[in-house]
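In this text, residue positions in the sequence shown follow full-length UniProt numbering: the first is 1, and each later residue adds one.
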Amino acid sequence: MDELTGKALILGMSAIGAGLAMIAGIGPGVGQGFAAGKATEAVGNNREHGGKPATLVMLLGAAVAETSGIFSLVVAIVMLFANPLVTREGAFIVLGASALGAGLAMIAGMGPAIGQGYAAGKAAEAVGKRPKLQSSVVRTMLLGQAVAQTTGIYALIIALILLFVNVWA
């Protein structure tokens, strides 16, 4: 077995961190599934007038709920293919831990995605019941989703800081 080099340690921890980051994909899955379920329910309850508006609201809301998963994907790809930590000399344990920390930080993306999907589902449900209020409902949904996204953005910032601005190395 080859010696454990600093580069190998960082790459190994980066691979684990990338896998951990993708756990955040659970959030969009749950959120989008909820939104789809509520849109389906809305269409079933108001087939005559609610189908198209509820589906449109669901798709729009689900797209926003996917952002946390996209953030996690970006961090995972950076760690796997363009990890800036690999080229640094010195404190390999700190650099490897930074890679793991970046992946763990992205797990925070689950919360916003679930919340955004919940908002999308409730919006689809509301539009299914009252299609004429689609504009107001969508506006309110997007505002709520924007606020819910802040935690995912914080996680992305921390992960990028861990990867690109590690002062210990």
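From the three backbone atoms N, C-alpha and C, an ideal C-beta is built for every residue, glycine too.
**Asked** Quick one: Cα of LEU163 to Cα of ALA148, how far?
**Response** Here the question's residue 163 lines up with position 163 in the sequence shown. Here the question's residue 148 lines up with position 148 in the sequence shown. Note on geometry: alpha-carbon atoms of LEU163 and ALA148 lie some 25 Å from one another.
**Message:** Let's test the definition: count the other Cβ atoms within 10 Å of the Cβ of GLU48 and tell me whether it reaches 16, buried, or not, exposed.
**Reply:** The residue given as residue 48 occupies position 48 in the sequence shown. With fewer than 16 other Cβ atoms within 10 Å, it is exposed.
**Asked** Does the separation of the CB atoms of ALA65 and ALA146 fall below 9 Å?
**Response** Reading the sequence shown from its first residue, position 65 is the one you call residue 65. Reading the sequence shown from its first residue, position 146 is the one you call residue 146. Contact: no.
**Prompt:** Nearest-angstrom Cα distance between MET110 and ALA126?
**Reply:** Position 110 of the sequence shown, counted from the first residue, corresponds to residue 110. Position 126 of the sequence shown, counted from the first residue, corresponds to residue 126. If you draw a straight line from the Cα of MET110 to the Cα of ALA126, it is about 24 Å long.
**Message:** On a Cα-Cα basis, can you pick out the residue from LEU80, MET79, GLY44, GLY37 that is closest to GLY61?
**Reply:** For the purposes of this step, residue 61 is identified with residue 61 of the sequence shown, where counting begins at 1. It is GLY37.
**Item:** Cα-Cα separation, ALA76 to ILE114
**Value:** Along the sequence shown, one-based indexing puts residue 76 at 76. Along the sequence shown, one-based indexing puts residue 114 at 114. Cα to Cα, the separation comes out at about 20 Å.
**Prompt:** If you compare alpha carbons, which of VAL86, ALA91, VAL78 is closest to GLY103?
**Reply:** Taking the sequence shown and counting its residues from 1, one reaches residue 103 at position 103. It is VAL78 whose Cα lies nearest to the Cα of GLY103.
**Message:** Please report the straight-line C-alpha distance between ILE153 and LYS52, rounded to a whole angstrom.
**Reply:** The residue given as residue 153 occupies position 153 in the sequence shown. The residue given as residue 52 occupies position 52 in the sequence shown. About 31 Å.
**Asked** Which stretch, first to last residue, makes up the alpha helix (DSSP H) that contains VAL86?
**Response** Numbered from its first residue, the sequence shown carries residue 86 at position 86. Taken as a continuous stretch (DSSP letters only), VAL86 belongs to no alpha helix (DSSP H), as it is neither H nor E.
**Prompt:** Can you tell me where the alpha helix (DSSP H) with LYS132 in it begins and where it stops?
**Reply:** Translated into positions along the sequence shown, residue 132 becomes position 132. Here LYS132 belongs to no alpha helix (DSSP H), and DSSP marks it neither H nor E.
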